[in-house]
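Take a look at the structure below.
Residue numbers (my numbering), protein chains in the order written: chain Y, 121 to 455; chain V, 121 to 455.
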């Protein structure tokens with residue numbers, strides 16, 4: 121695995137609830153994520169005929185970039201909603217771009233505010249979090265959909281698919297996990313135990329991927345229910361070469377499939393960098409795997425009972441290969 | 121300027137008040153900062169005769185590494201104080217290393233807790249923040265000193281010196297400041313205004329430094345008062361070559377000078393990487409400077425009235441050179 125500097129992504133930085141979103145740094149990172157922003161731009165600009173004269177809702181509008189894409193595509197009116205104070209900047213930006221008559225920005229929780237219209241034709245939203253679902257706004261998008269979207273209305277994007285694979289990652293596992301065995305001569309194994317339970321959000325080099333990719337969860341934003349965001353599903357991955365396995369890796373693909381020109385992007389290690397990077401789950405032991413051998417298991421994901429912003433993820437897996445058999449249940453927590 | 125990946129350091133991650141310090145990630149970054157941690161280690165281990173049989177107070181003990189250094193150096197007893205929940209991990213670590221009888225860890229604010237002893241012989245603390253003073257714990261160290269340190273007691277470290285210089289930084293200024301002129305075709309100049317007021321914490325390549333270094337503030341931790349942490353002081357820097365100036369850069373050096381073997385480290389661009397990096401203040405215009413020409417001014421620093429955790433920094437400067445004369449007053453805020 122390669123990292124961007126000495127530290128992997130700090131999960132606590134993406135934190136709506138303390139309004140760190142009001143700071144422009146996180147928006148800078150998202151805007152400069154070219155895969156993300158140009159995918160939205162293309163999905164909207166290449167489907168101008170769909171936006172022409174329509175009422176659009178932007179859930180979690182941030183600095184207003186998606187709202188402005190929609191307005192420039194001929195939307196009759198765009199309503200942008202965000203609970204963060206960044207919305208004050210967004211209003212200024214919308215006004216500076218001469219779009220104040222086309223875009224209305226409302227501060228508040230989607231679940232609590234009342235739009236000035238009963239229904240909207242299209243919902244646009246960049247709701248995705250790390251591991252797709254960590255601190256994601258998908259549940260808010262579903263609320264907005266059920267309350268405001270007309271029958272037959274459209275959602276951009278409308279498809280998300282989560283994947284799992286296996287990686288060889290000895291060096292970085294030494295740096296992130298085994299480091300705690302000896303910290304300037306001291307035993308920090310109590311931190312090691314915590315580190316093993318914490319998925320690591322970081323950029324992974326595509327060359328360390330040992331297995332094929334198993335899609336384990338597909339979300340159709342048009343029909344998904346809140347309950348669908350807690351799940352336990354099977355997976356099976358097959359080694360593509362002889363190697364060691366130190367971790368599972370997860371990523372997701374996003375699709376805007378309702379336009380005449382569908383647009384997709386991937387956050388996988390094989391694709392261009394996105395600020396979502398990939399999510400790595402270190403395994404308690406190292407597997408020695410032979411090309412064609414499989415790892416089978418289940419992956420479960422649900423909000424933490426005590427703190428629904430945290431995500432509990434359980435990966436159960438079994439492996440019966442030439443060089444050994446193993447079976448583990450691993451609890452992880454994103455917090 | 122070179123950056124570690126797409127984003128400079130996110131200031132909000134170093135945030136005691138929401139207890140993100142309880143997450144081990146920030147401690148991992150600090151422990152893995154070898155310049156920082158080995159400087160403390162050396163300052164303590166190479167002065168074992170000073171620690172032998174002494175009572176030591178560790179202000180902001182984190183995972184307990186400095187407390188353990190002191191205990192290993194023969195301290196009679198070490199008291200570690202931290203308000204973060206990381207102290208629960210620190211207790212486990214101290215116990216795992218067989219030092220539970222030598223180290224007592226107390227959770228709470230230094231200003232509010234009561235130590236089980238009246239006085240201590242030595243205070244150790246890693247209190248430094250970005251730009252030395254942003255979210256620093258120095259004021260807490262001063263409180264601890266006045267309440268607990270015996271007359272003639274020692275503080276590790278005891279010296280801090282802040283420096284200012286000038287850098288050529290056209291490319292990165294384009295990326296961080298001028299970027300906002302055109303964001304996917306939209307005018308984000310309202311964010312640009314904010315970006316210019318926000319010092320950037322990032323690693324700066326030593327080769328972009330155009331001027332000499334001016335020490336503008338020296339802090340003696342043994343004698344400093346809280347009032348000394350708000351100041352307005354003059355500076356003067358001299359160009360070492362013909363070049364452009366796009367920004368001021370600040371950094372600090374730290375000294376452990378009370379032992380028989382003084383130890384120093386620097387967080388400057390010329391020195392090894394530390395997690396404090398450097399702090400960059402972009403200027404509103406670009407200066408064209410000739411070797412030997414000077415920039416004169418003042419730098420003022422004080423906690424924000426409304427939010428004392430924020431730092432207001434004002435740099436006033438004037439320049440009269442071959443290619444122009446300029447005078448500016450620039451307000452910055454670290455928040």
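Just so it is clear, CB atoms sit at the ideal spot from N, CA and C, and this is done for glycine as well.
For residue 209 of chain Y, the neighbours in chain V by C-beta distance under 9 Å run, in chain order, 308, 310, 311, 314. Residues 324, 369, 371, 389 of the same chain have their beta carbon placed closer than 6 Å to that of residue 398 of chain Y, with the five preceding and five following residues left out of the count. V:392 is the residue among V:444, V:392, V:177 whose C-alpha sits nearest the C-alpha of residue 326 of chain V. Using a Cβ-Cβ cut-off of 7 Å, residue 431 of chain V is close to nothing in chain Y; its nearest Cβ partner there is about 15 Å away. For residue 165 of chain V, the closest alpha carbon among the candidates V:304, V:192, V:263, V:264 is that of V:192. Interface with chain V (8 Å Cβ-Cβ cutoff): residue 199 of chain Y is excluded.
Annotation for residue 313 of chain V: no residue places its beta carbon closer than 7 Å to its own, counting only its chain and skipping 5 residues before and after. Taken atom to atom, the span from the alpha-carbon of residue 279 of chain V to that of residue 339 of chain Y is near 57 Å. At the C-beta level, residue 243 of chain V and residue 261 of chain V come within 8 Å of one another. By the Cβ-count criterion, residue 429 of chain Y is exposed, with fewer than 16 other Cβ atoms from all chains shown falling within 10 Å of its own Cβ. Rounded to whole angstroms, residue 173 of chain Y and residue 284 of chain Y show a C-alpha spacing of 41 Å.
In the structure shown, residue 331 of chain V adopts extended strand secondary structure according to DSSP, grouped into three states. One thing to note: residue 273 of chain V has its Cβ within 8 Å of the Cβ of residue 241 of chain V. Contact annotation, residue 320 of chain V with residue 365 of chain V: C-beta distance approximately 16 Å; criterion of less than 8 Å not satisfied. Within the same chain, Cβ atoms closer than 6 Å to the Cβ of residue 275 of chain V are found at 243, 341, 342, the five residues on either side in sequence being excluded. Per DSSP, reduced to three states, the secondary structure at residue 431 of chain Y is strand. For residue 385 of chain Y, not one C-beta of chain V is nearer than 8 Å to its own C-beta. One finds 151, 157, 158, 161, 185, 188, 189 in chain Y with Cβ atoms closer than 9 Å to the Cβ of residue 304 of chain V, taken in chain order.
When the Cα atoms are used, residue 316 of chain V and residue 403 of chain V turn out to be separated by approximately 8 Å. Look at the stretch 143-200 of chain Y and you find these whole runs of alpha helix (DSSP H), each 4 residues long or longer: 144-152, 154-165, 168-171, 185-192. Membership of residue 358 of chain V in the beta strand (DSSP E) is indicated by the continuous run 351-358. One thing to note: residue 419 of chain Y has its Cβ within 8 Å of the Cβ of residue 433 of chain Y. Per the Cβ contact rule, the stretch 208-218 of chain Y is in contact with the stretch 292-312 of chain V (3 or more Cβ pairs under 8 Å).
For residue 446 of chain Y, the enclosing beta strand (DSSP E) has its first and last residue at 444-454.
Within the DSSP secondary-structure output, residue 274 of chain V pairs in a beta bridge with V:242.
If you draw a straight line from the Cα of residue 181 of chain Y to the Cα of residue 423 of chain V, it comes to about 32 Å. Put simply, of Y:195, Y:161, Y:345 the residue whose alpha carbon is nearest the alpha carbon of residue 222 of chain Y is Y:195. Under the DSSP assignment, residue 363 of chain Y falls in the beta strand (DSSP E) whose first and last residues are 363-376. Under the three-pair Cβ rule at 8 Å, the stretch 327-337 of chain V counts as touching the stretch 281-296 of chain V. Within chain V, the residues 307, 309, 310 have their CB atoms less than 7 Å from the CB of residue 216 of chain Y, given in chain order.
Listed by position along chain V, the residues whose Cβ is nearer than 8 Å to that of residue 213 of chain Y are 306, 307, 308, 310, 311. For residue 310 of chain Y, the enclosing alpha helix (DSSP H) begins and ends at 309-317.
With at least 16 other beta carbons inside 10 angstroms of its own, residue 161 of chain Y counts as buried. For the pair residue 295 of chain Y and residue 190 of chain V, the Cα-to-Cα distance works out to about 26 Å. The beta-carbon of residue 144 of chain Y is placed less than 8 Å from the nearest beta-carbon of chain V.
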